[in-house]
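>
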Amino acid sequence: MLRTALRPANLGLLAVMLAAAVLFSVLGEWQLGRSEEHARVSPTEQVVALGEVLQPASDFTGHADHQRVDVTGTWADLPLEQVADRPLDGRDGSWVVAALRVDGTGALLPVLLGQLPSGEELPAAPSGTADLRGRLMVSEEPQGIAPDGELAVLQLR
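The numbers in the working numbering rise by one with no breaks, and the one at position 35 of the sequence shown is 255.
(1) Would you report the Cα separation of alanine 227 and valine 236, rounded to the nearest angstrom?
(2) Mind checking which residues open and close the alpha helix (DSSP H) that includes glycine 271?
(3) Am I right that alanine 318 and valine 331 are in contact with their C-beta atoms under 8 Å? What's the rounded C-beta distance?
(4) Using the rule of at least 16 other Cβ atoms within 10 Å of the residue's Cβ for burial, across every protein chain shown, is glycine 293 buried or exposed?
(5) Near valine 358, what residues of its chain come up, given a Cβ to Cβ distance below 7 Å and the 5 sequence neighbours on each side ignored?
(6) Answer with buried or exposed for glutamine 179, where buried requires no fewer than 16 other C-beta atoms within 10 angstroms of its C-beta.
(7) Taking 9 Å as the threshold (C-beta atoms), are proline 276 and threonine 349 in contact?
(8) For arginine 353 and leucine 329, what's the separation of their Cα atoms in angstroms?
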């Protein structure tokens with residue numbers, strides 16, 4: 221077997237395979253570096269005012285998906301909502317959503333406050349004014365029917 225491996229044709233093939241492995245390793249490192257560089261300068265990482273990327277009563281088509289935004293407003297006098305079946309780290313639960321009335325436009329913006337483990341009571345709704353920094357997320361696709369008192373999906377309308 222060693223004699224077969226040491227034939228010139230097989231040694232040449234081994235050299236070609238080693239060169240290809242080194243080349244792909246270098247190209248992989250280059251691609252990873254480019255990806256990290258792109259992530260650092262991504263426009264979605266720059267914080268902008270909400271009004272620069274989303275206007276009331278306009279369609280949010282995902283053009284600013286994951287864009288970081290600042291928004292100022294007053295918590296609407298509305299009950300908290302739950303979005304069913306949103307596990308986190310292996311724990312069953314739901315998302316807790318509140319409505320923020322945006323200063324200057326009066327539009328209502330759904331704000332995801334966090335995840336509530338199954339079986340826990342909803343906390344009190346926030347009140348007063350709020351200066352928030354967060355990320356916009358595109359609406360979810362409809363997915364069945366939620367239990368009474370919960371939302372099936374979170375959608376901007």
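The beta carbon of each residue, even a glycine, is placed where N, CA and C say it ideally should be.
Let me spell this out:
(1) The sequence position of residue 227 within the sequence shown is 7, counting from 1. The sequence position of residue 236 within the sequence shown is 16, counting from 1. According to the sequence displayed, residue 227 carries arginine and not alanine. Looking at the two C-alpha atoms, the distance is approximately 14 Å.
(2) By 1-based counting over the sequence shown, the position of residue 271 is 51. In the DSSP assignment, glycine 271 falls within the alpha helix (DSSP H) that extends over 270-273.
(3) Within the sequence shown, the letter at position 98 stands for residue 318. Within the sequence shown, the letter at position 111 stands for residue 331. Alanine 318 to valine 331, Cβ: 5 Å. Contact.
(4) As a first step, residue 293 must be located in the sequence shown, where it is residue number 73. The residue in question, glycine 293, is buried, as its Cβ has 16 or more Cβ neighbours within 10 Å.
(5) Residue 358 sits at position 138 when you count from the first residue of the sequence shown. Counting only Cβ-Cβ distances below 7 Å, and skipping sequence neighbours, we find Phe280, Gly282 and Asp285.
(6) This structure leaves residue 179 out entirely; the chain is present only between 221 and 377.
(7) The sequence position of residue 349 within the sequence shown is 129, counting from 1. The sequence position of residue 276 within the sequence shown is 56, counting from 1. Result no, Cβ atoms of threonine 349 and proline 276 do not sit closer than 9 Å.
(8) Within the sequence shown, numbered from 1, the residue matching residue 353 stands at position 133. Within the sequence shown, numbered from 1, the residue matching residue 329 stands at position 109. Distance between the alpha carbons of arginine 353 and leucine 329: 13 Å.
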